[in-house]
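Numbering (this note's numbering), first residue to last: 1 to 433.
Ideal Cβ positions, reconstructed from N, Cα and C, are used throughout, including at glycine.
Note that the coordinates shown come from a computational prediction; the quantities given were computed from them, not determined experimentally.
Scroll down for the structure; my scribbles are underneath it.
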Amino acid sequence: MTDTLTRRGLLASAAALPVALAAPRVSAQARMRLVIIGGGFGGASAARFARDTFPDVDVTLIERSRSFTTCPYGNLVLGGMRKIEEITFTYDGLARRGVRVVHDEAVAVDPAAKTVRLRNGGPVAYDRLVMSPGIDLRWGAIEGYTEGAAERMPHGWAPYLQPITVLERQLRAMPDGGVFVMAIPDNPFRCPPGPYERISMVAHYFKQAKPRAKILALDAKNGFSKQPLFQEAWEELYPGMIEWRGASNDGRVVRVDPSAMTLRTEFGDTVKADVANVIPPQMAGKIARDTGLANQTGWCPVKPQTFESALVPGIHVIGDASIAAPMPKSGFVASTHAKQAVAAAVALHRGQTPPDPVYFNTCYSHVGTDYGISIVGVFRAEGDRFIEVPNSGGISPRNATMSRERKEEYRRLEAHYADGWYEALTRQMFGLS
Ligand SMILES: Cc1cc2nc3c(=O)[nH]c(=O)nc-3n(C[C@H](O)[C@H](O)[C@H](O)COP(=O)(O)OP(=O)(O)OC[C@H]3O[C@@H](n4cnc5c(N)ncnc54)[C@H](O)[C@@H]3O)c2cc1C
Numbered sequence: 001m002t003d004t005l006t007r008r009g010l011l012a013s014a015a016a017l018p019v020a021l022a023a024p025r026v027s028a029q030a031r032m033r034l035v036i037i038g039g040g041f042g043g044a045s046a047a048r049f050a051r052d053t054f055p056d057v058d059v060t061l062i063e064r065s066r067s068f069t070t071c072p073y074g075n076l077v078l079g080g081m082r083k084i085e086e087i088t089f090t091y092d093g094l095a096r097r098g099v100r101v102v103h104d105e106a107v108a109v110d111p112a113a114k115t116v117r118l119r120n121g122g123p124v125a126y127d128r129l130v131m132s133p134g135i136d137l138r139w140g141a142i143e144g145y146t147e148g149a150a151e152r153m154p155h156g157w158a159p160y161l162q163p164i165t166v167l168e169r170q171l172r173a174m175p176d177g178g179v180f181v182m183a184i185p186d187n188p189f190r191c192p193p194g195p196y197e198r199i200s201m202v203a204h205y206f207k208q209a210k211p212r213a214k215i216l217a218l219d220a221k222n223g224f225s226k227q228p229l230f231q232e233a234w235e236e237l238y239p240g241m242i243e244w245r246g247a248s249n250d251g252r253v254v255r256v257d258p259s260a261m262t263l264r265t266e267f268g269d270t271v272k273a274d275v276a277n278v279i280p281p282q283m284a285g286k287i288a289r290d291t292g293l294a295n296q297t298g299w300c301p302v303k304p305q306t307f308e309s310a311l312v313p314g315i316h317v318i319g320d321a322s323i324a325a326p327m328p329k330s331g332f333v334a335s336t337h338a339k340q341a342v343a344a345a346v347a348l349h350r351g352q353t354p355p356d357p358v359y360f361n362t363c364y365s366h367v368g369t370d371y372g373i374s375i376v377g378v379f380r381a382e383g384d385r386f387i388e389v390p391n392s393g394g395i396s397p398r399n400a401t402m403s404r405e406r407k408e409e410y411r412r413l414e415a416h417y418a419d420g421w422y423e424a425l426t427r428q429m430f431g432l433s
C-alpha cells in the first residue's frame, strides 16, 4: 500500500470511532422521541445510527418515497456501468431494525409545539428533530429553465425530482456525431465533482456507442474539484471528445430555449445541443426553508458542534441543506453529519455536553473502466465555523508522478475502493448489514 492509501485506510476506520466513543451514556429517563425528516444520505444514516446507538430512544423516519435511488453511482448508469435497480433501495431494512418508517411528506413543522404536520397522516411529536431534506432547484435562475423545460433538458441532479433515466434515454437516442451540452452551476451546489464524473461517464459511453459524438461543458466557475486529474484523464481516455469552458471563457449559461434546444451564454454565444443537461443553481429543500431554517442564501446555517439550526432551536439540519463549508455537499459527509447531529441531539435532550466532533469526507469519482480518483478531507468545529484540519486528507497523485504501471494500479485500486465505499455506506444506511 502507498502512503496516501494507508492514510485513507486509517481515516476510514477512524471515521466511526470518535462519535461512537463519545456518545452519551444511555439514561433510564422517559423515552426520547427523535424524529428525522428525509431518508437520503443524511436522514437514513441518522436513523440507522440512532437506532443502533441509543436503544432507549424512539426513532421515527419521515420519507415521502417508498424507495431511494442514490445520486452517487447515477453517473455510472449513464456510462452503462450500473443499472438503476442496483442503486435503488427500500426502507425495509431500517424498519426491520426498529426504525418507525413513515412514508409521507412533511408539509410543516411547528418548532414551538414540537410537531411535524404530514400531508396524509396525523401530526408527529418530537423532542428533537433532525432534518435532511436535500436540495431544491432554483427554477428560473437560468432564464427559461422551468420544470417544463427540464423534461426536454433534464437535470438528473435529484432523483426525487427527476429520475436519471430521463437523461439516460435521451443519450441513448442521440445520433452518433451529436453534441451533448452540459450547463454546470457555480458553488455551492450538490456534489462538486459530480458534473465532471458525469462528463467522464458520458464520454465512456460515447467512446463505445457513438465515437463521433462531442461533449461541451459550459461552466459558471473558473475551476473545479480535482480539475487537473479529470482533465489529464480526459486527454488520455477520450482525446478530442470533451471541451470544457469556464466562466471567464464565456461558460456561464444564462438562458435556455428548450423548443430550439439552445443555450445562451453570458457574453452572448448561442449553442445548439442534441442533448442538453442543465444543472441549475440550488437551495435547501422546501421543508427546511418553510420552517425558517434557511437564511438569505437559501441554505441553512448551523452550529458546527451539533448541527443544531442557528435560527430555530431544537432542530438539527444536516446534509446538503446545511451550510457546512469547507465541507462539500456530499453523501459521505452527510452521513458523518448525521452521526454527530444524532449524538448531539440526544446529549442536549439529556442535559449533557455533546461530543467533540470530527467530520470526514472522501469524494471518489469514476472516470473510466478501472479508473478512479479521489479527494479526502478531515474537518472540525472551531467556534462558530467549520475548519479543514491542516495537513489532513489528500488528493490522488497526478499521472506524471508515477510510472505507467503504478498509475494504472493506483487508478484501478481507487475505482475498487469507490465501489467498496458505496457498498458499505448504502448497506449501512438502509439497514442491510
Ligand atoms: C450525479 C451525482 C453524483 C454524486 N456522487 C456522489 C458520490 O460519489 N459521493 C458522495 O458522497 N456524494 C455524491 N453525490 C452527492 C450526494 O448525492 C448528496 O450530497 C447527498 O444525497 C445529500 O444527502 P441529503 O441527506 O442531504 O439529501 P438526499 O440524499 O437527497 O435525501 C433527501 C431526502 O429527503 C426526502 N425529503 C425531502 N423533503 C421531504 C419532506 N418534506 N418530507 C419527506 N421527505 C422529504 C427526499 O425524498 C429524499 O429522499 C452525488 C450527487 C449527484 C447529483
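Secondary structure at residue 369: coil, using DSSP grouped into helix, strand and coil. The three-state reading of DSSP puts residue 302 in strand, counting E and B together. Nearest in C-alpha terms to residue 82, of all of 399, 385, 369, is 369. Closest in alpha carbon position to residue 429, among 96, 32, 77, is 96. Across the structure, residue 47 and residue 219 are spaced so that their CA atoms are roughly 36 Å apart.
Proximity of the beta carbon of residue 320 to ligand 1 is indicated: a heavy atom of the ligand is located closer than 7 Å. With a threshold of 16 other beta carbon atoms within 10 Å, residue 320 meets it and is buried.
Taken in chain order, the unbroken stretches of alpha helix (DSSP H) that lie wholly in the stretch 356-432 and span 4 residues or more are 404-429.
In the assembly as shown, residue 75 is a buried residue. Its beta-carbon has 16 or more other beta-carbons within 10 Å. The three-state reading of DSSP puts residue 127 in coil, since its state is none of H, G, I, E or B. A contact is defined here as three or more CB-CB pairs under 8 Å, and the stretch 279-290 meets this definition with respect to the stretch 177-189. Residue 135 places its beta carbon less than 8 Å from that of residue 283. Per DSSP, the continuous alpha helix (DSSP H) segment holding residue 49 begins and ends at 41-53.
Residue 79 is classed as buried because its beta carbon has at least 16 other beta carbons within 10 Å across all chains shown. If you compare the alpha carbons of 258, 128, 133, 101 with that of residue 290, the shortest gap goes to 133.
When the beta-carbon positions are compared, residue 236 and residue 254 stay at least 8 Å from each other.
When the five nearest sequence neighbours on each side are left out, the beta carbons in the same chain lying within less than 7 Å of the beta carbon of residue 292 are those of 311, 312, in order along the chain. When C-alpha distances from residue 207 are compared across 334, 63, 113, 171, the shortest belongs to 171. Taking a cut-off of 8 Å on C-beta distances, the stretch 156-167 does not touch the stretch 50-62, as fewer than three cross pairs fall below it. With a cutoff of 7 Å, residue 226 does not count as near ligand 1, since its C-beta is closer than that to no heavy atom of the ligand. In this structure, residue 158 has its CB closer than 7 Å to one or more heavy atoms of ligand 1. Note that the C-beta distance between residue 304 and residue 295 is not below 8 Å. Looking at the DSSP output, residue 284 sits in a beta bridge with 135. Contact annotation: the stretch 189-199 does not touch the stretch 113-125, with fewer than three C-beta pairs closer than 8 Å.
Put simply, the backbone Cα of residue 364 is about 8 Å away from that of residue 414. Put simply, the backbone Cα of residue 86 is about 11 Å away from that of residue 422. Looking at the DSSP output, residue 117 shares a beta bridge with 108. Under the three-state reduction of DSSP, residue 69 is assigned to strand.
Contact check for residue 70 against residue 426 passes: the beta carbons are separated by less than 8 Å. Under the three-state reduction of DSSP, residue 56 is assigned to coil, being neither helix nor strand.
For residue 62, the CB falls within less than 7 Å of some heavy atom of ligand 1.
Put simply, the stretch 390-399 does not touch the stretch 349-359. Fewer than three CB pairs are less than 8 Å apart.
Residue pairing of residue 244 in beta bridges, as defined by DSSP: 217. Nearest to residue 250 by alpha-carbon distance, out of 260, 257, 268, 258, is 268. Remark: the C-beta of residue 154 is outside contact range of ligand 1, defined as less than 7 Å to any heavy atom. Excluding residues up to 5 positions away in sequence, 196 lie with their Cβ nearer than 6 Å to the Cβ of residue 230 in the same chain.
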